[in-house]
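Worksheet: one structure, shown below.
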Amino acid sequence: MTEIAQFRERAAKREREKMRDVREQMPNVLAAPSGPKVREWGKPQAQSQPPESPGGAKGFGKGVQGYSKPVGFVKADEGSWTPTSDRQTSVRPGKTDEELEQERREARRRDEENSYKDRERRYEPRERARIQALERAIARERAMKEAEDRDKVEMRARLGVWDDDESDEPFYTDRARWRSMRTRRLATEQATDEESRLYEEREADNLRRESEAFLARQMDEMQALQEEQRKAGMLLDDGAPVKLSVSLAPTGQKEGAPKEKAAVFGQEEEEEEEAIRKRKVPMPKLDLAEGGEKAKERLEKMRGEVPRDKETLFKSKVRWDGVSEAMIDRKLEPLIKRQMMKYLGELEDDDLVMFVLEHIKDHKGPHKLVEGLEPVLEEEASEFVISVWRQIIFESMAYGEGLHTEKMMLD
Numbered sequence: 038m039t040e041i042a043q044f045r046e047r048a049a050k051r052e053r054e055k056m057r058d059v060r061e062q063m064p065n066v067l068a069a070p071s072g073p074k075v076r077e078w079g080k081p082q083a084q085s086q087p088p089e090s091p092g093g094a095k096g097f098g099k100g101v102q103g104y105s106k107p108v109g110f111v112k113a114d115e116g117s118w119t120p121t122s123d124r125q126t127s128v129r130p131g132k133t134d135e136e137l138e139q140e141r142r143e144a145r146r147r148d149e150e151n152s153y154k155d156r157e158r159r160y161e162p163r164e165r166a167r168i169q170a171l172e173r174a175i176a177r178e179r180a181m182k183e184a185e186d187r188d189k190v191e192m193r194a195r196l197g198v199w200d201d202d203e204s205d206e207p208f209y210t211d212r213a214r215w216r217s218m219r220t221r222r223l224a225t226e227q228a229t230d231e232e233s234r235l236y237e238e239r240e241a242d243n244l245r246r247e248s249e250a251f252l253a254r255q256m257d258e259m260q261a262l263q264e265e266q267r268k269a270g271m272l273l274d275d276g277a278p279v280k281l282s283v284s285l286a287p288t289g290q291k292e293g294a295p296k297e298k299a300a301v302f303g304q305e306e307e308e309e310e311e312a313i314r315k316r317k318v319p320m321p322k323l324d325l326a327e328g329g330e331k332a333k334e335r336l337e338k339m340r341g342e343v344p345r346d347k348e349t350l351f352k353s354k355v356r357w358d359g360v361s362e363a364m365i366d367r368k369l370e371p372l373i374k375r376q377m378m379k380y381l382g383e384l385e386d387d388d389l390v391m392f393v394l395e396h397i398k399d400h401k402g403p404h405k406l407v408e409g410l411e412p413v414l415e416e417e418a419s420e421f422v423i424s425v426w427r428q429i430i431f432e433s434m435a436y437g438e439g440l441h442t443e444k445m446m447l448d
């Protein structure tokens, strides 16, 4: 049985009970004096049946949902819900304006105290790291100073009673051992010098390869552009040989020959004029590598054009093909390390430096870099990213102009 059928059955049952009550009370109603009836709350009301019209009952008839049936009311119980019950229980005891203002002040004070504690909790680790870095630097300088003082005292005492005949220096006592020690020390120094020389050669080789690759790309782009313009008829080869066909015309065609020549010559003149007009189309200016004072002046001018404002700087377009990994390792890594030491002191590990380098090598934007560094640098993360990003924009601008920045830095 569906819910609708059950509902209808219950409604019909209630109607039958009401009708039974009405029939039981009919004698009392008929015996009561005439006059207006007073309705009593909680008691079933007698039904006054209007006279039926000849056409039959109106509305829905005499069924369960018919208009001829009175609306049944539910008797009020002692523990039933009343509209004012919830309102009475929800009303709080009244408070004065002074008490409400005191509560607001107390809530504001708690919010400010919580905010202060949160800022203090985020500020303390950074300050603690700075203090520890300063303490380590001071301790290192103090240790070096103490070592120098001890060496001075020892050397002064030793040289004060120096005697070449009774000296225990290896140079005097064991010349072979002294030569061996000197040879090892000299080999170490030579190895260090060789490593430095190889590093400089690798840098020069990287610069040379970058320059050659840049020039090759420029030449390829220029040749491709020339081919496209040549195919479109916008570029002619002035040095190309002109093919001429000379032959004797038949005797019968002498009269018509001048007209054909005039048409051909006129067409050639029109083609030459069209070619000259198309040659005036401006060609893109390709600046190859420049050197000397002119290139330095352009770099200095470009250096001053790099924006310093955060919004303008972060919106600047980066030509990532000009920011190679070799340039990042050669120029940006030392810059990042200097900036990290400036804000955090001496670094115990290079995790932050590697994070910034990987971010740049992945060609990600500056906003994400700021978000990644805020847990460590907090308010100074924006300044750090601005100093690094200005160098990236400078390298990108120089690459777009075909210039080599070499060792030039902005900061």
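Residues 38 to 448, numbered by this note's numbering, are exactly what the sequence shown covers, in order. For glycine and all other residues, C-beta sits at the position ideal for the given N, C-alpha and C.
Residue i, buried or exposed, once every other Cβ within 10 Å from all chains shown has been counted against 16
i	result
Pro371	exposed
Lys368	buried
Ile373	buried
Tyr436	buried
Gln376	buried
Thr39	exposed
Ser233	exposed
Gly96	Per-residue confidence for Gly96 stands at a pLDDT of 48, beneath the threshold of 50, marking its modelled position as unreliable; the derived number appears in the next sentence. Classification of Gly96: exposed, given that the 10 Å Cβ count is below 16.
Phe421	buried
Met192	exposed
Phe44	exposed
Thr442	buried
Ser90	Confidence in Ser90 is poor, its pLDDT being 47 and thus under 50, which makes the residue's placement too unreliable to answer from.
Leu336	buried
Ala4	With the chain covering 38 to 448 only, the question about residue 4 has no answer from this structure.
Phe208	exposed
Val360	buried
Leu414	buried
Met434	buried
Glu432	buried
Ala332	buried
Met364	buried
Leu389	buried
Leu223	exposed
Ile397	buried
Ile430	buried
Leu252	exposed
Ser137	The amino acid occupying residue 137 in the given sequence is Leu; Ser does not appear at that position. Label assigned to Leu137: exposed.
DSSP three-state assignment for residue i, whether helix, strand or coil
i	result
Trp426	helix
Ala269	coil
Trp215	helix
Asp201	coil
Trp52	It is worth fixing the name first, because residue 52 is Glu in this sequence and not Trp. In this structure, Glu52 counts as helix in the three-state DSSP scheme.
Met445	coil
Leu440	coil
Gly131	coil
Thr220	helix
Glu420	helix
Val343	coil
Thr39	coil
Glu206	coil
Ala286	Residue placement at Ala286 is poorly supported in this model, since its pLDDT is 47, which falls under 50; the coordinates still yield a value, given next. The answer is coil: DSSP assigns Ala286 none of H, G, I, E or B.
Below-7 Å beta-carbon distance, residue i vs any chain C residue
i	result
Ala42	The chain inventory of the structure shown lacks chain C, comprising one protein chain alone.
*Inside the segment 345–411 only - beta strand (DSSP E) runs reaching at least 3 residues*: none
*Pair every Cβ in the segment 400–408 with every Cβ in the segment 197–212, then say whether three or more of these pairs are closer than 8 Å.*
no
_Under 8 Å, with one C-beta from each stretch per pair, do the segment 425–441 and the segment 350–363 reach the 3-pair mark?_
yes
*Would the segment 386–394 and the segment 332–352 be scored as touching if the rule is three or more Cβ pairs under 8 Å?*
no
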